[in-house]
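Numbers given in our numbering equal positions in the sequence shown, counted from 1, plus 6.
Even for Gly, the Cβ is constructed at its ideal location relative to N, Cα and C.
Below is one structure; the comments refer to it alone.
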Amino acid sequence: MRAYAYVVGSGIGPGSALLDLARGLGFAGVSSYSGITQAEQQAQVTPLCFFLCAATEDFASLRNVANAVRFSTTRRLRFSPLIYFAESPSVDGINACLNMGFDDIITMPFTRKRVLDRVARQVGQNVTYYETPSYFGPDRRGRDAPQSRVQDKRHGGPFRRLEIIRSLTSGVNVLRDEQFASALM
Numbered sequence: 007m008r009a010y011a012y013v014v015g016s017g018i019g020p021g022s023a024l025l026d027l028a029r030g031l032g033f034a035g036v037s038s039y040s041g042i043t044q045a046e047q048q049a050q051v052t053p054l055c056f057f058l059c060a061a062t063e064d065f066a067s068l069r070n071v072a073n074a075v076r077f078s079t080t081r082r083l084r085f086s087p088l089i090y091f092a093e094s095p096s097v098d099g100i101n102a103c104l105n106m107g108f109d110d111i112i113t114m115p116f117t118r119k120r121v122l123d124r125v126a127r128q129v130g131q132n133v134t135y136y137e138t139p140s141y142f143g144p145d146r147r148g149r150d151a152p153q154s155r156v157q158d159k160r161h162g163g164p165f166r167r168l169e170i171i172r173s174l175t176s177g178v179n180v181l182r183d184e185q186f187a188s189a190l191m
């Protein structure tokens with residue numbers, strides 16, 4: 007697979023287990039995330055980078071990573087798949103990840119086949135992203151998850167709607183980019 011995977015999390019416990027799992031998924035390379043500069047350099051070499059985030063009880067620790075990725079000036083990184091691996095999912099944890107713009111949240115069991123299927127969903131599919139002053143990430147309307155506070159802030163204000171497709175050969179392609187003066191919702 008012509009994609010690189012960064013594992014976000016400590017080198018022990020869930021982070022270590024996720025690193026081992028990711029190495030068996032066929033990525034062109036896998037390493038622990040050590041900053042956006044490293045990822046920007048990798049994006050020059052690999053068309054697509056995945057950010058696989060290990061389970062944590064401190065969701066605020068993920069916010070810096072999510073913001074660095076989602077608000078990167080490098081398009082290949084900005085639209086990179088952010089995936090959280092939840093060991094014991096909670097409504098608060100899921101909402102935190104959704105509000106940070108995560109593309110997917112995978113719950114246990116973390117089998118190779120199940121994770122590969124979820125990773126594959128991030129490639130070759132049209133994905134709609136929304137950008138507001140406080141949110142950049144996938145369209146969350148129509149999801150079964152509880153409404154997030156960040157989504158609610160988008161009502162009535164200006165926003166940007168982008169339709170993208172990710173490719174293992176060409177990276178991220180923006181298919182449509184529209185600006186709106188106020189929310190349609």
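Would the beta-carbon of residue i fall within 8 Å of that of residue j?
{"i": "P87", "j": "F65", "result": "no"}
{"i": "C55", "j": "L68", "result": "no"}
{"i": "P53", "j": "T175", "result": "yes"}
{"i": "G32", "j": "M7", "result": "yes"}
{"i": "V125", "j": "L27", "result": "no"}
{"i": "P164", "j": "E93", "result": "no"}
{"i": "L24", "j": "F91", "result": "yes"}
Is residue i helix, strand or coil by DSSP?
{"i": "I18", "result": "coil"}
{"i": "L88", "result": "strand"}
{"i": "E46", "result": "helix"}
{"i": "V71", "result": "helix"}
{"i": "D145", "result": "coil"}
{"i": "D98", "result": "helix"}
{"i": "A60", "result": "coil"}
{"i": "V129", "result": "coil"}
{"i": "R76", "result": "helix"}
{"i": "L27", "result": "helix"}
{"i": "D110", "result": "strand"}
{"i": "R8", "result": "coil"}
{"i": "L174", "result": "coil"}
{"i": "V156", "result": "Caution is warranted here: a pLDDT of 42 is assigned to V156, below 50, making its placement in the model unreliable, and the coordinate value is therefore given only provisionally. Three-state result, V156: helix."}
Tell me, to the nearest whole angstrom, how far the beta carbon of residue i is from that of residue j; I am working on the premise that it is less than 8 Å.
{"i": "F116", "j": "V178", "result": "Actually they are not in contact, since the Cβ atoms of F116 and V178 sit about 26 Å apart, beyond 8 Å."}
{"i": "S78", "j": "G130", "result": "Incorrect: roughly 22 Å between the Cβ atoms, too far for contact."}
{"i": "P95", "j": "T113", "result": "5 Å"}
{"i": "V75", "j": "L83", "result": "6 Å"}
Suppose the cutoff is 7 Å on Cβ atoms and the five residues either side in sequence are ignored; what does the same chain contact list for residue i look like?
{"i": "I170", "result": "F85, V133, Y135, V178, N179, V180, L181"}
{"i": "T62", "result": "G15, L68"}
{"i": "G99", "result": "F65, A92"}
Report all residues from its chain with a CB closer than 8 Å to the CB of residue i; omit the five preceding and five following residues, and keep chain order.
{"i": "N73", "result": "M106"}
What does a CB cutoff of less than 6 Å around residue i pick up in its chain, not counting 5 residues either side in sequence?
{"i": "Y39", "result": "Y12, V14"}
{"i": "D183", "result": "L168"}
{"i": "R166", "result": "E137, Q185"}
With contact counted as at least three CB pairs below 8 Å, one residue from each stretch, are the segment 11 to 23 and the segment 34 to 52 in contact? yes
Assess, as a yes-or-no matter, whether the segment 133 to 147 is touched by the segment 105 to 121 under the definition of 3 or more beta carbon pairs within less than 8 Å. yes
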